[in-house]
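Q: Before I ask anything, here is the structure I am working with.
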Amino acid sequence: MRYPVMVINRDKVRRNAQTVADMCGRSGIDVWGVTKGLAGDPRLAALYAEGGFKGVADSRLRNLEKISESGLGLPRQLMRIAMRSELESLSRVCDVSLQSEPEIIRSLDAICARRGVTRQVLLMMDVGDLREGFWPLELSHAADYFSALEGGVEIAGVATNFACASGLLPSRDNLERLVSYRDMLQDSLGCELPVISVGGTCCLKIIEEGLMPRQVNQIRVCEGILLGMDTASGREIPYLERDALAIIAEVVECKRKPSVPSGEIGMMAFGEKPSFVDKGMRKRALLGIGRQDVNVDRIIPLDSGVRIVTASSDHLIADVTEADSMSHSEGGYKPGDTMSFRPLYPAMLAAATSEYVDVIFE
Ligand SMILES: *Cc1c(COP(=O)(O)O)cnc(C)c1O
651 MRYPVMVINR DKVRRNAQTV ADMCGRSGID VWGVTKGLAG DPRLAALYAE
701 GGFKGVADSR LRNLEKISES GLGLPRQLMR IAMRSELESL SRVCDVSLQS
751 EPEIIRSLDA ICARRGVTRQ VLLMMDVGDL REGFWPLELS HAADYFSALE
801 GGVEIAGVAT NFACASGLLP SRDNLERLVS YRDMLQDSLG CELPVISVGG
851 TCCLKIIEEG LMPRQVNQIR VCEGILLGMD TASGREIPYL ERDALAIIAE
901 VVECKRKPSV PSGEIGMMAF GEKPSFVDKG MRKRALLGIG RQDVNVDRII
951 PLDSGVRIVT ASSDHLIADV TEADSMSHSE GGYKPGDTMS FRPLYPAMLA
1001 AATSEYVDVI FE
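Converting from the sequence shown to the working numbering requires adding 650 to each position, the first position being numbered 1.
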C-alpha cells in the first residue's frame, strides 16, 4: 500500500446511508447523497444508491461529470449556483440544479430548449445564512422573471441551505418561512412547485425531533453519512457510525528530542509563530503526511497517547512519548510503522482532493 491513504469502510458508509434514508423516509423526506466530501468519487455515489438515496448532489460540476461517466443510474443535482460558463455542460450532466439568478435560469432554459431537454431547477432561497439564494423581497418579481421560459427549464420547487456561510441553524421558524416562500411562488407562477429541499446534516436533528414542517420533502446530506458528525450543531450523531473513514500515514523518523527549540524563533513556514512548553526530552515521530494533504488540526489520532505537535507542507510531527509507554507496538513507534487518524470535515476534504493521498474503499 502507498501512504498516506484514506480508507473508507463501505459497510459503515452504507449502513449510515440506510439509517438516514429510513429515518427521513418515515417523515416523507427523500435523501440526496452529497458526494463533495470525497471529491465526487463514483464509488461513494454507488454506495449511496445501495443505501436507498434518491439522487446524488455535488457542488462541483466536474464531480458530477465523473459520476455521470461512471454510469450510475441516480439523478444528479448541482448544488453550487451555476456559472454561466457551465450551463452547456450542466444541461448535459445534471437533472436538477439549485439556482438564484433569473438571467442564468433563462439562459439555461434557452440552452436546454435548443437541445430538446428539460432540466429541473430548484429556486435557492436565502433564509438568513447569507450565502446564496433569492432574498425574499425579490419574490414579488417572480412572475416577470419566469414568464418567458421556453420549456427547457422546469421550476420544480425551492431549496435552502444552513450553516455554511454564517453558521445559521435550521429552526421551525426559518423552515416555515421557506414553506411560505414556496407557497407564494406557487401563487405568483400559477403552477405546482412540489419540491422543498433543505441541507445539510444539521437538518437531521429537526427531523429526529419531529419538528420538520411536513411540506419539506428533500434533504441533502454529506457529513453525517461519512463522519457521523454534525459540526454545525457540534454533536456526534449517536445513531451513526463515526469511524467509517481513517487516514493512515507512515512514520519516517523516530527520535528523542527536546520539546523546546534552541535559538531565536521566527515564523514557521505557514506564517504562524509557534509557542512551546518545556516538557523535557520527548519521543517525536515524524510522518510522511503534511499540510498539503490534510488539515492538521482537524485530524484526531486513533492511538491513545499520540499528540500532534505541528506540521509543515510534507511532514507531521507527533509526540509519541506517552503512546510508547502504552506500547501500541512492540518497543514503541519506529520508522515503517503506520499511524491512523480520524478526519474531521476539512481534513476529509483536503485528503480527498490531494493528489498525494490515495483513497481506498474496503
Ligand atoms: C455541502 C452541502 C450540503 C451537505 O452538507 P453537510 O452538512 O455536509 O451534510 C447540502 N447542501 C449544499 C448546498 C451544500 O453545499
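By construction, the Cβ of each residue, glycine as well, lies at the ideal position given by its N, Cα and C atoms.
Bear in mind that the values here come from a model prediction, so they are computed numbers and not experimental data.
1. Just to confirm before moving on: does the CB-CB distance between E900 and T988 stay below 8 Å?
2. Tell me the rounded alpha-carbon separation between E715 and L772.
3. What's the C-alpha gap between G702 and E1005?
4. Exposed or buried, T685, counting other C-beta atoms within 10 Å across all chains shown (16 or more means buried)?
5. Smallest Cα separation from K704: which of L688, G678 and G687?
6. Could you give the residue range of the alpha helix (DSSP H) that holds M834?
7. Is it buried or exposed for W682, if we count other Cβ within 10 angstroms and need 16 for buried?
8. Less than 8 Å between the beta carbons of S847 and G807, yes or no?
9. Please report how far the alpha carbon of G785 lies from the alpha carbon of Y795, in whole angstroms.
10. Quick check: N713 and A894, are their CB atoms within less than 8 Å of each other?
11. With C-beta atoms as the reference, is I915 less than 8 Å away from P924?
12. Using a 10 Å radius around the Cβ and a threshold of 16 neighbouring Cβ atoms, would you call T1003 buried or exposed?
13. Is any heavy atom in ligand 2 found nearer than 7 Å to the beta carbon of G783?
14. Return yes when the Cβ of F1011 is within less than 8 Å of the Cβ of R664, no when it is not.
15. Label S747 either buried or exposed according to how many other C-beta atoms from any shown protein chain fall within 10 Å of its C-beta, with 16 as the threshold for buried.
16. What three-state label does DSSP hand T810 in the structure shown?
A: If we stick to the structure as given:
1. Start at 1 with the first residue of the sequence shown, and residue 900 comes out as number 250. Start at 1 with the first residue of the sequence shown, and residue 988 comes out as number 338. Yes, these two residues count as a Cβ contact at 8 Å.
2. Position 65 of the sequence shown, counting from 1, holds the residue named residue 715. Position 122 of the sequence shown, counting from 1, holds the residue named residue 772. One alpha carbon belongs to E715, the other to L772, and they sit about 20 Å apart.
3. In the sequence shown, the residue the question calls residue 702 occupies position 52. In the sequence shown, the residue the question calls residue 1005 occupies position 355. Spanning the two alpha carbons is a distance of roughly 30 Å.
4. In the sequence shown, residue 685 corresponds to position 35, counting from 1. Answer is buried; the Cβ neighbour count reaches 16.
5. Translated into the one-based positions of the sequence shown, residue 704 becomes position 54. Nearest option by C-alpha distance: G678.
6. Residue numbering aside, residue 834 sits at position 184 when the sequence shown is read from its first letter. First-last of the alpha helix (DSSP H) with M834: R822 to L839.
7. Translated into the one-based positions of the sequence shown, residue 682 becomes position 32. Burial call: buried.
8. Position 197 of the sequence shown, counted from the first residue, corresponds to residue 847. Position 157 of the sequence shown, counted from the first residue, corresponds to residue 807. Taking 8 Å as the Cβ cut-off, S847 and G807 qualify as a contacting pair.
9. Within the sequence shown, residue 785 is the residue found at index 135, counting from 1. Within the sequence shown, residue 795 is the residue found at index 145, counting from 1. Per the sequence shown, the amino acid found at residue 785 is Trp instead of Gly. A straight line joining the alpha-carbon of W785 with that of Y795 spans about 14 Å.
10. In the sequence shown, counting from the first residue as 1, residue 713 sits at position 63. In the sequence shown, counting from the first residue as 1, residue 894 sits at position 244. Going by C-beta atoms, N713 is not nearer than 8 Å to A894.
11. Residue mapping note: residue 915 aligns to position 265 of the sequence shown, counting from 1. Residue mapping note: residue 924 aligns to position 274 of the sequence shown, counting from 1. With contacts defined by Cβ atoms closer than 8 Å, I915 and P924 form a contacting pair.
12. In the sequence shown, residue 1003 corresponds to position 353, counting from 1. Counting every other CB atom within 10 Å of its CB across the protein chains shown gives T1003 a total below 16, marking it as exposed.
13. With respect to ligand 2, the structure offers nothing, as its ligand set consists of ligand 1.
14. Mapped onto the sequence shown, residue 664 falls at position 14. Mapped onto the sequence shown, residue 1011 falls at position 361. No.
15. Residue mapping note: residue 747 aligns to position 97 of the sequence shown, counting from 1. Per the 10 Å Cβ criterion, buried.
16. Residue mapping note: residue 810 aligns to position 160 of the sequence shown, counting from 1. Three-state DSSP puts T810 in a strand.
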